[in-house]
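Heads up, the sequence shown is in our numbering, so the first residue is 39 and it goes up one at a time. Idealized CB from N, CA, C, for every residue including glycine. Since the structure is predicted, the reported quantities are computational estimates derived from the model, not experimental observations.
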Amino acid sequence: MTQAQQLPDASSVTTVSLDRLAARDSGEMEKLRKAAAFPGYFYLDLGGEGDVAEQTRRLYAVADRYFDQPAEVKKRDVREGQPASSDRGFKSCVTDESFEMSTDEMRQGTLHLPTVISEQATAMNSFHERCHSATLVILERLADALDVPLTQHHNSDGNAEQTSESGLKLIAEPAVARASDVVENKHRDSGTLTMLFYDAWSLHVCLSAEGEEPQRWTFVPPPPGGCALVHGASTLSRMTGGRLSAPLHRVTQPADGAAKRFFLSYFLRPDHRVSSEGPVCVA
């Protein structure tokens, strides 16, 4: 029996075409708007299935080599002195390890990569740019659909003076021997949009309304070839007056069994003016 057959609570997920969004296809824009409103996530078909599959395969291998290094080596990549809210560089906690690369630094040519990652710098930066560009297209079409100026806080014109915490993150979050031992980690992302690539059943999303008990949770299957899973985050919900969702979610596992598990996550976050000016709602 396959893992999918063991998951009766698995979510059916809307697929949205990036090419059609870029062409301003009205039907695709409406499909995007509905999915972003509820349940707050969708698959994004990036086009070029084999190309995307090859990129992700290569970067999963980079992540494996990077996180397989001794702890003392990875600790050299900790970004000292950055705010607690910043995730750049290497970080670790009880459940996972991560290495995040700044979009601003990548685009300005100032990004420093550890040796293991720098060996694939061209592939990494190309993938990073692809994710960044795709999330901006999504944001622009959501702005069009809702008639709200979402892009004004996301440096869509490339102004180097408007910096943000946007970045591509490599994550190692192994599955554990007993599913009952998974540490609870439910949360909402704090940025605008999250684009996630993963190949193991692991993403668990809450479909319940705020305050509804008991909560209803569903697994979101790994994206099909050529696709990423995209979901809204808290800034997007706030900027649209709650019309778009920031789903509560967690990383878990459907069954027992220890195994390596890697995630490629792109986080589109608003520029620092939003943080300094406080909550923004343009709805």
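### Query
Could you give the distance in angstroms between the alpha-carbon of Phe165 and the alpha-carbon of Phe76?
Residue numbering aside, residue 165 sits at position 127 when the sequence shown is read from its first letter. Residue numbering aside, residue 76 sits at position 38 when the sequence shown is read from its first letter. The straight-line gap separating the alpha-carbon atoms of Phe165 and Phe76 is approximately 28 Å.
### Message
Quick check on this structure: which residue in Thr256, Ser50, Ser228 and Val54 has the alpha carbon closest to the alpha carbon of Thr290?
### Response
Taking the first residue of the sequence shown as position 1, residue 290 is located at position 252. That would be Thr256, whose Cα lies nearest to the Cα of Thr290.
**OP:** Over the uninterrupted beta strand (DSSP E) stretch that includes Gly147, give me the two end residues.
**Re:** To locate residue 147, count along the sequence shown from 1; it is residue 109. For Gly147, there is no enclosing beta strand (DSSP E), as DSSP gives it neither H nor E.
Arg103 - DSSP class collapsed to helix/strand/coil: Residue numbering aside, residue 103 sits at position 65 when the sequence shown is read from its first letter. Helix.
Margin query: My assumption, with CB atoms under 8 Å, is that Leu206 sits in contact with Met277. Please give the rounded CB distance.
Written below: Within the sequence shown, residue 206 is the residue found at index 168, counting from 1. Within the sequence shown, residue 277 is the residue found at index 239, counting from 1. Rounded to the nearest angstrom, the Cβ distance from Leu206 to Met277 is 22 Å, too far for a contact under 8 Å.
Kindly list the residues whose CB is nearer than 7 Å to the CB of Cys319, restricted to its own chain and excluding five residues on each side of it in sequence; keep chain order. The residue you call residue 319 lines up with position 281 of the sequence shown. The pLDDT assigned to Cys319 is 41, lower than 50, so where the model puts this residue is not dependable, and the model offers no usable value.
(Q) Do Lys224 and Arg288 count as a contact pair if the criterion is CB distance below 9 Å? (A) Translated into positions along the sequence shown, residue 288 becomes position 250. Translated into positions along the sequence shown, residue 224 becomes position 186. In this structure, the beta-carbon distance from Arg288 to Lys224 falls below 9 Å.
Is the number of C-beta pairs between the stretch 108-128 and the stretch 163-183 that are closer than 8 Å three or more?
With a cut-off of 8 Å, the stretch 163-183 and the stretch 108-128 do not count as touching, because too few Cβ pairs lie within range.
* Just to check, is the beta-carbon of Gln146 closer than 8 Å to a non-hydrogen atom of the ligand HEM? -> As far as ligands go, the structure on display features none, and thus does not contain the ligand HEM.
Quick one: give me the first and last residue of the beta strand (DSSP E) that Ser38 is part of. The chain is shown from 39 up to 321; residue 38 falls before or after that span and cannot be answered.
_For Met233, list the residues DSSP reports as bridge partners._
Residue 233 sits at position 195 when you count from the first residue of the sequence shown. BP columns for Met233 point to Val268 and Tyr304.
Checklist entry - On the three-state DSSP scale, how would you describe Leu241? => result Position 203 of the sequence shown, counted from the first residue, corresponds to residue 241. In the structure shown, Leu241 adopts extended strand secondary structure according to DSSP, grouped into three states.
| said: Does Thr133 come out as helix, strand or coil in the three-state DSSP assignment? | reply: Counted from its first residue, the sequence shown places residue 133 at position 95. Thr133 falls in the coil class under three-state DSSP.
Ser55 lies in the alpha helix (DSSP H); which residues open and close that run?
Position 17 of the sequence shown holds residue 55. Taken as a continuous stretch (DSSP letters only), Ser55 belongs to no alpha helix (DSSP H), being part of the beta strand (DSSP E) at Thr53 to Ser55.
Item to complete: Going by CA-CA distance only, name the one from Pro308, Leu82 and Ser55 that's closest to Val268.
Response: Taking the first residue of the sequence shown as position 1, residue 268 is located at position 230. Cα-wise, what sits closest to Val268 is Leu82.
| request: Identify which residue in Glu248, Pro252, Gln200 and Leu177 has its Cα closest to the Cα of Leu274. | output: By 1-based counting over the sequence shown, the position of residue 274 is 236. With respect to the C-alpha of Leu274, the residue from Glu248, Pro252, Gln200 and Leu177 having the closest C-alpha is Leu177.
May I have the straight-line CA-CA distance separating Pro152 from Ala101, to the nearest angstrom?
Locating residue 152 in the sequence shown gives position 114, where the first residue counts as 1. Locating residue 101 in the sequence shown gives position 63, where the first residue counts as 1. Looking at the two C-alpha atoms, the distance is approximately 11 Å.
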